[in-house]
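Chemist: Sharing a structure, written as structure tokens. Questions coming.
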């Protein structure tokens, strides 16, 4: 980025916390600098976890961009800073995030959503985040994507999960069943039984299961007549948007890249 | 067994459907006959699934012991019969069982529970079964044990799941949280966050998670003031009994071996 926050070059790769060995981060940064020149650098997300370059800790919610900028972890000699995550500890509730805080506070700053808004960031660990006037005040993490992946890769349902997942009649049926289900634990086995009894095509099981899990995730929220601002890639974003609309809310997809850029640039400005 | 249903010898092994290759069943039976003599044989459970010796099909609920005895699959030349499973297909609900039907109808016949009773058979796929006057009328399968195993073996929680699971304060806390939780999907991640934030000992995470899942399973039932007849090994049976009692029901552990013997002997008598 230039000093004004304009993006001069973007690069995406899959060198995430699961694929970079501990101790491998300085070499990753060196490779980026070899490509783009020796610029100061700032990062957010799992690079700041105990599995990443260095544990950057958490700041407690409520948090704003200035809170994050005031708690950066600086890596000596590397001209590199890591943004802390945000934690929540309130009564019985405990939750953490890393990286999503920069996106939602950036979206808020850039006006991509109203000053007070509910965000949803679907993924392995889906985040539901409330931002009020520039402050991240509350959030909940749902293990939706990870449970789907566990069922697809390792469960008794695995052999039935080779079909594509897309918005369609079976995904919608899964959404609706999730709203009336006694328990997701019985609905999951019901998908298997329906295939064994010839009541559900094997090719449709994955879409049904996705609908059940995403429906179970969304229905746990109070979303009636609320607008939910969704930050996700288009495929997963559209599934969550369908779920939100089906369950009585309104969904707006926002540009997660623009949101992150706005947030991280503002943190950079604040810490200079 | 002798003709009167008295057990003369019992043998347990771990040669289940996951460990016996398809095509390996005749050799398994031959090995048993080498040991016990060439007796007629009858079996129930996953040996009658499409992954077992031969698919023995299902009879629809409601089913009684005579229904099962009238639908045996006989393996030609092997002097061997397999009891069918029971299926349920009602509106949107689909469910199947194999093996549990012999246990609960046997328990009913042997007077191990009242003529009309609710049974719980905890396990990888926990069954909740209603028997009314000797007829298995309704049932629901919960994927409780399998989800626990997936989380323990393959999830982001795996590294925190090495502690023992037993009835105790943390298991009980998990049970209670399950009753008030918005969603089990958020509670699961909450266990990880609580460990990361130092609010829960790493050694206690497995017990808490077990309480959350078993609590989520039991609370989906209407068990207030009901007596639940539990068929399980003592360790898992005592966890479910604690859950039932904590959530307002009464639990009675019954002898699953005696129940199976009574059921399978009666089927044998009926088909002679």
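Chains as they are written, first to last, in my numbering: chain A, -9 to 262; chain B, -9 to 262. Even for Gly, the Cβ is constructed at its ideal location relative to N, Cα and C.
Between the segment 239 to 248 of chain A and the segment 191 to 205 of chain A, are three or more C-beta pairs nearer than 8 Å?
Modeler: Verdict: no, contact absent.
Chemist: Three-state secondary structure (DSSP) at residue 209 of chain A?
Modeler: If you number the first chain from 1, residue 209 of chain A lands on position 219. Three-state DSSP puts residue 209 of chain A in a helix.
Chemist: Between A:197, A:254 and A:249, which lies nearest to residue 233 of chain A when the distance is taken from Cα to Cα?
Modeler: For this step, residue 233 of chain A is matched to residue 243 along the first chain. Per the Cα distances, A:197.
Chemist: So within the segment 118 to 167 of chain B, which uninterrupted beta strand (DSSP E) runs reach at least 3 residues, ignoring any that extend past its ends?
Modeler: Runs of the beta strand (DSSP E) inside the segment 118 to 167 of chain B: 125 to 132.
Chemist: With a threshold of 7 Å on Cβ separation, who are the neighbours of residue 213 of chain B within its own chain once the five nearest residues in sequence on each side are excluded?
Modeler: On the second chain, position 223 is the one that residue 213 of chain B refers to. 234, 237, 238 and 239, listed in sequence order.
Chemist: Between which two residues does the alpha helix (DSSP H) carrying residue 182 of chain A extend?
Modeler: Position 192 of the first chain holds residue 182 of chain A. Looking at the DSSP string, the run of the alpha helix (DSSP H) that includes residue 182 of chain A is 174 to 186.
Chemist: Report yes if the C-beta distance between residue 265 of chain B and residue 89 of chain B is below 8 Å; otherwise report no.
Modeler: Since the first and last residues shown for chain B are -9 and 262, residue 265 of chain B lies out of range.
Chemist: Alpha carbon to alpha carbon, how far is residue 160 of chain A from residue 94 of chain A?
Modeler: Within the first chain, residue 160 of chain A is the residue found at index 170, counting from 1. Within the first chain, residue 94 of chain A is the residue found at index 104, counting from 1. Computed Cα separation, rounded: 31 Å.
Chemist: Can you list the beta strand (DSSP E) stretches of 3 or more residues lying completely in the segment 198 to 246 of chain A, in chain order?
Modeler: Within the segment 198 to 246 of chain A, the complete beta strand (DSSP E) runs of at least 3 residues are 217 to 221 and 240 to 244.
Chemist: Quick one: does residue 172 of chain A have its CB under 8 Å from some CB of chain B?
Modeler: Start at 1 with the first residue of the first chain, and residue 172 of chain A comes out as number 182. It does; some Cβ of chain B falls within 8 Å.
Chemist: Can you list the residues of chain B that residue 179 of chain A reaches, using a CB-CB cut of under 8 Å?
Modeler: On the first chain, position 189 is the one that residue 179 of chain A refers to. The answer, in chain order, is 85, 115, 131, 132 and 133.
Chemist: State the CB to CB distance for the pair residue 31 of chain B and residue 69 of chain B, rounded to an integer number of angstroms; the pair is presumed to be in contact (CB under 8 Å).
Modeler: Counting from 1 along the second chain, the entry for residue 31 of chain B is found at position 41. Counting from 1 along the second chain, the entry for residue 69 of chain B is found at position 79. With a Cβ gap of about 7 Å, residue 31 of chain B and residue 69 of chain B count as contacting.
Chemist: Residues of the segment 139 to 167 of chain A in Cβ contact with chain B at a cutoff of 8 Å, in chain order, please.
Modeler: Hits within the stretch, in order: 140, 141, 143, 144, 145, 146 and 167.
Chemist: DSSP three-state call for residue 49 of chain B: helix, strand or coil?
Modeler: Looking up residue 49 of chain B in the second chain gives position 59. Strand at residue 49 of chain B.
Chemist: Please list the segments of the beta strand (DSSP E) lying wholly inside the segment 17 to 104 of chain A, counting only runs of 3 or more residues, in order along the chain.
Modeler: Counting only runs of 3 or more, we get 31 to 33, 48 to 50, 63 to 65, 70 to 72, 75 to 80 and 83 to 87.
Chemist: Which residues of the segment 182 to 209 of chain A have a Cβ closer than 7 Å to any Cβ of chain B? Give them in chain order.
Modeler: Those would be 183, 184, 186, 187, 189, 206 and 207, in chain order.
Chemist: Determine the DSSP secondary structure at residue 248 of chain B, reduced to helix, strand or coil.
Modeler: Here residue 248 of chain B refers to the residue found at position 258 when the second chain is read from its first residue. Three-state DSSP puts residue 248 of chain B in a helix.
Chemist: Would you say residue 175 of chain B reaches chain A, if we count a Cβ-Cβ gap shorter than 8 Å as a contact?
Modeler: Position 185 of the second chain holds residue 175 of chain B. Cβ-Cβ to chain A under 8 Å: yes for residue 175 of chain B.
Chemist: Taking the straight line between their C-alpha atoms, what separation do you get for residue 225 of chain A and residue 85 of chain A?
Modeler: For the purposes of this step, residue 225 of chain A is identified with residue 235 of the first chain, where counting begins at 1. For the purposes of this step, residue 85 of chain A is identified with residue 95 of the first chain, where counting begins at 1. Between residue 225 of chain A and residue 85 of chain A, the C-alpha separation is close to 26 Å.
Chemist: Identify which residue in B:78, B:208, B:52 and B:104 has its Cα closest to the Cα of residue 165 of chain B.
Modeler: Residue 165 of chain B sits at position 175 when you count from the first residue of the second chain. Taking only the C-alpha atoms, the option nearest residue 165 of chain B is B:208.
Chemist: Should residue 27 of chain B be labelled buried (16 or more other beta-carbon atoms within 10 Å of its own) or exposed?
Modeler: For the purposes of this step, residue 27 of chain B is taken as residue 37 along the second chain, with counting starting at 1. By the neighbour-count rule (16 or more Cβ atoms within 10 Å), residue 27 of chain B is not buried but exposed.
Chemist: Three or more C-beta pairs under 8 Å: does that hold for the segment 214 to 223 of chain A against the segment 176 to 184 of chain A?
Modeler: Too few Cβ pairs lie closer than 8 Å, so no.
Chemist: Any beta carbon from chain B within less than 8 Å of residue 61 of chain A's own beta carbon?
Modeler: The residue labelled residue 61 of chain A in the question sits at position 71 within the first chain. Answer no: the Cβ-Cβ gap between residue 61 of chain A and chain B never drops below 8 Å.
Chemist: Please state whether the Cβ-Cβ distance between residue 120 of chain A and residue 128 of chain A is less than 8 Å.
Modeler: Indexing the first chain from 1 puts residue 120 of chain A at position 130. Indexing the first chain from 1 puts residue 128 of chain A at position 138. The answer is yes: Cβ separation under 8 Å.
Chemist: Can you name the residues of chain B whose CB is closer than 7 Å to the CB of residue 77 of chain A?
Modeler: Translated into positions along the first chain, residue 77 of chain A becomes position 87. The answer, in chain order, is 187.
Chemist: So residue 253 of chain B packs on residue 195 of chain B, CB below 8 Å; how close in whole Å?
Modeler: By one-based count along the second chain, residue 253 of chain B stands at place 263. By one-based count along the second chain, residue 195 of chain B stands at place 205. Not confirmed; about 39 Å, so no contact.
Chemist: Per DSSP, what kind of secondary structure is residue 1 of chain B in: helix, strand or coil?
Modeler: Here residue 1 of chain B refers to the residue found at position 11 of the second chain. Of the three classes helix, strand and coil, the one that applies to residue 1 of chain B here is coil, per DSSP.
Chemist: For residue 261 of chain A, which three-state DSSP category applies?
Modeler: Numbered from its first residue, the first chain carries residue 261 of chain A at position 271. Helix, per DSSP.
Chemist: Can you give the beta carbon distance from residue 227 of chain B to residue 112 of chain B, rounded, assuming they're within the 8 Å contact cut?
Modeler: In the second chain, residue 227 of chain B corresponds to position 237, counting from 1. In the second chain, residue 112 of chain B corresponds to position 122, counting from 1. Between residue 112 of chain B and residue 227 of chain B the Cβ distance is about 7 Å, and since that is below 8 Å, they are a contact.
Chemist: How would you label residue 256 of chain B, buried or exposed, when you count the other beta carbons within 10 angstroms and need 16 or more for buried?
Modeler: For the purposes of this step, residue 256 of chain B is taken as the residue at position 266 of the second chain. The residue in question, residue 256 of chain B, is buried, as its Cβ has 16 or more Cβ neighbours within 10 Å.
Chemist: Only counting the same chain, and skipping five residues up and downstream in sequence, which positions put a Cβ closer than 6 Å to that of residue 57 of chain B?
Modeler: Translated into positions along the second chain, residue 57 of chain B becomes position 67. If we look at residue 57 of chain B and ignore the five residues flanking it on each side, its Cβ neighbours are 49.
Chemist: Could you tell me whether the Cβ of residue 137 of chain A comes closer than 8 Å to any Cβ of chain B?
Modeler: In the first chain, the residue the question calls residue 137 of chain A occupies position 147. Chain B contact via Cβ: present.
Chemist: If residue 76 of chain B sits next to residue 126 of chain B, beta carbons under 8 Å apart, how far is it from one beta carbon to the other, in whole angstroms?
Modeler: Indexing the second chain from 1 puts residue 76 of chain B at position 86. Indexing the second chain from 1 puts residue 126 of chain B at position 136. Between residue 126 of chain B and residue 76 of chain B the Cβ distance is about 6 Å, and since that is below 8 Å, they are a contact.
Chemist: Look up residue 196 of chain B in the DSSP assignment and say whether it is helix, strand or coil.
Modeler: Counting from 1 along the second chain, the entry for residue 196 of chain B is found at position 206. Here residue 196 of chain B sits in helix by DSSP.
Chemist: If you draw a straight line from the C-alpha of residue 184 of chain B to the C-alpha of residue 193 of chain B, how long is it?
Modeler: On the second chain, residue 184 of chain B is found 194 positions in, with the first residue counted as 1. On the second chain, residue 193 of chain B is found 203 positions in, with the first residue counted as 1. Answer to the nearest angstrom: the Cα atoms are 12 Å apart.
Chemist: Taking 8 Å as the limit between beta carbons, can you name the residues of its chain near residue 6 of chain B, skipping five residues before and five after?
Modeler: The residue you call residue 6 of chain B lines up with position 16 of the second chain. Within the same chain, residue 6 of chain B has close Cβ partners 36.
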